[in-house]
Amino acid sequence: MSKTAILELDGKKYEFPVYVGTENEVAIDIEKLRGATGAITIDPGYKNTGSCNSEITFLDGEEGILRYRGYSIEELADKSNFLEVSYLLVFGQLPTAKQLEQFENDIRKYTLVNEEMKTILEGFPKTAHPMGVLSSLTSALTAFNPKPVNVDNEKELYDAVCKTMGKFMVIATWTYRRRMGYPLNYYDNTKGYVENFMRLMFEIPTEPYKMDNKVVAALDKLFILHADHEQNCSTSTVRIVGSSHAGLFASISAGVSALWGPLHGGANQAVLEMLQEIHDNGGDVDKYVLKAKDKEDPFRLMGFGHRVYKNFDPRATIIKKAADDVLTAMGVDDPLLDIAKKLEKVALEDEYFKARSLYPNVDFYSGIIYRAMGIPVEMYTVLFAIGRLPGWIAQWKEMRLNKEPIGRPRQVYMGENLRAFVPVEKR
Ligand code: ACO
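The sequence shown begins at 11 in our numbering and counts up one residue at a time.
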């Protein structure tokens, strides 16, 4: 293959280097484009723009492939656990048994959150959406940890990773406790990371809490499936905020805000609300498929379609099976699962969805599992954020260690040309 790409502009030819990734992705390097030609590229939504080189996650949307550090998502979901996957994403290799134990213990060192954080939490109305509260609390952690991380110091960087993993989990569950009016819970360092999530959320002082191991295992798997997804909206946000050398907590806080939107992580809440609405209106799936196809109607089938996967979302396949398994194991018969399956079948056979390669994404079934676990719908995106945290950290770390320049896109200005100011009395 040619190692250069030729661009012709105003009768002049320019050559740009072409390079190929380890999975044969071809990239035209236009770093010198503006300097050489005076022109820029325009690519709304960055559909064709690679913002970085990365060694973390590979995904092939056409083939439905997702791999973390070279390991397939199917194998990781089947054989690994969330903390091990977190270590893999952040540090590049699967940990040895000793490294994994050390990692878990080091996270435990940071699971106590400053009591003053409670005052900030109490300042929010109980009705506030947990994602907004989580974003604010994550940002507030900066106030309690003002020293910027020296990324060239391995120990400091490692500690910052463990601190973020430890504190984020606790404050994420506090958003729920506040909403419910429950006393805030503390992490129990004798228990596992995902077990702690369940305790932190649901244990109340008046009665013993019984952990369902099947639920913990399913949740662990869901966290793995959400752990990274290369340069998606929230991850790109984390990288771009971090590129100004803003701190890790500030960057993660921005990632939480980006994830909140219904076109991104907020879709899992939107899916459940949509399934509930279909159910409450008599379960007429065909009517909603028609609405989704109607260009005059803003309604979209939530949980369908993906910016990158145009064949199937491999995570959706794993989750669909997990939803079946969990619900059967828990003896839950959920009419919303039946509606989801029917909707998937109708949509997959419909020409509109086929022609546009619209398939169920990771969020189509996750809400059904969360519902069976007793997790309220407003917390679904918070769970996504807990799962995505190691990915955000890994991407932030990679961006800083690669000494990437500050992210600063350009624009094509389409506004007014220079005009004279008109005083208010003459307008
Ligand atoms: N329902 C109905 N039609 C849809 C849907 C949908 N869910 N998604 C896309 N389309 C249609 C569009 O109307 C458009 O049709 P047109 O070509 O006739 O104009 C075509 O499919 C392409 O859609 P785009 O919005 O251009 O696709 P894009 O790649 O920009 O968007 C997105 C992807 C945002 C995920 C979109 O499919 C969507 O809004 N889905 C619903 C929300 C959702 O589930 N988000 C979760 C994403 S996964 C995640 O973040 C973890």
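Ideal Cβ positions, reconstructed from N, Cα and C, are used throughout, including at glycine.
Buried or exposed: residue i, going by 16 or more other Cβ atoms within 10 Å of its Cβ?
i: alanine 302; result: buried
i: valine 251; result: buried
i: aspartate 307; result: exposed
i: glycine 384; result: exposed
i: valine 372; result: buried
i: isoleucine 66; result: buried
i: isoleucine 50; result: exposed
i: proline 415; result: exposed
i: tyrosine 219; result: exposed
i: glycine 313; result: buried
i: glutamine 421; result: exposed
i: aspartate 323; result: buried
i: leucine 411; result: exposed
i: isoleucine 214; result: exposed
i: threonine 174; result: buried
i: glutamate 163; result: It is worth fixing the name first, because residue 163 is asparagine in this sequence and not glutamate. Result: exposed.
Name, in chain order, the residues that DSSP records as bridge partners for residue i.
i: isoleucine 16; result: Glu25
i: aspartate 70; result: Ile75
i: phenylalanine 314; result: Pro370
Mind checking whether the beta-carbon of residue i lies closer than 8 angstroms to any heavy atom of the ligand ACO?
i: aspartate 373; result: yes
i: arginine 317; result: yes
i: proline 272; result: yes
i: valine 204; result: no
i: methionine 389; result: no
i: threonine 394; result: The displayed chain sequence assigns phenylalanine, not threonine, to residue 394. Yes; taking the cut-off as 8 angstroms, the Cβ of phenylalanine 394 has a heavy atom of the ligand ACO nearer than that.
i: valine 248; result: no
i: valine 356; result: no
i: glycine 55; result: yes
i: phenylalanine 314; result: yes
i: alanine 350; result: no
i: lysine 436; result: no
i: leucine 311; result: yes
i: tyrosine 362; result: yes
i: glycine 275; result: yes
i: serine 232; result: Position check: residue 232 holds leucine in this sequence, whereas serine was assumed. Because no heavy atom of the ligand ACO lies under 8 angstroms away, the Cβ of leucine 232 does not count as near it: no.
i: valine 422; result: no
i: valine 295; result: no
i: asparagine 242; result: yes
i: leucine 399; result: no
i: valine 281; result: yes
i: lysine 303; result: yes
i: leucine 69; result: no
i: leucine 347; result: no
i: leucine 368; result: yes
So is the beta-carbon of residue i under 8 angstroms away from any non-hydrogen atom of the ligand COA?
i: methionine 179; result: The model depicted lacks the ligand COA and carries the ligand ACO instead.
Problem - Length at least 3, wholly inside the segment 323-348: the beta strand (DSSP E) runs in chain order - result: Restricting attention to beta strand (DSSP E) runs no shorter than 3 residues, the segment 323-348 encloses none.
Practice task
For the segment 166-254, list the alpha helix (DSSP H) runs that are entirely contained and at least 4 residues long, ordered along the chain.
Solution key: Runs found: 203-212, 223-236, 243-252.
Handout entry: Length-filtered (4 minimum) alpha helix (DSSP H) runs lying within the segment 28-109
Key = Whole alpha helix (DSSP H) segments, 4+ residues: 43-47, 83-89, 92-101.
Practice task
Pair every Cβ in the segment 259-277 with every Cβ in the segment 387-405, then say whether three or more of these pairs are closer than 8 angstroms.
Solution key: Under the Cβ criterion (8 angstroms, minimum of three pairs), the segment 259-277 counts as touching the segment 387-405.
Practice task
Please determine if the segment 72-83 and the segment 167-181 are in contact, where contact requires at least 3 C-beta pairs separated by less than 8 angstroms.
Solution key: Fewer than three Cβ pairs drawn from the segment 72-83 and the segment 167-181 lie within less than 8 angstroms of each other, which leaves the two stretches out of contact.
Practice task
Report yes or no: do the segment 180-189 and the segment 284-295 share at least 3 C-beta pairs separated by less than 8 angstroms?
Solution key: Contact check between the segment 180-189 and the segment 284-295: fewer than three CB pairs, one atom from each, fall below 8 angstroms, which does not count as touching.
Exercise for the section: State whether the segment 223-230 contacts the segment 317-337, with contact taken as three or more CB pairs (one from each stretch) at a distance under 8 angstroms. Expected result: Touching, yes.
Exercise for the section: Determine contact between the segment 142-161 and the segment 193-207, defined as no fewer than three beta-carbon pairs at a distance below 8 angstroms. Expected result: For the pair of segments examined, the segment 142-161 was found not to touch the segment 193-207: the number of CB pairs separated by less than 8 angstroms stays below three.
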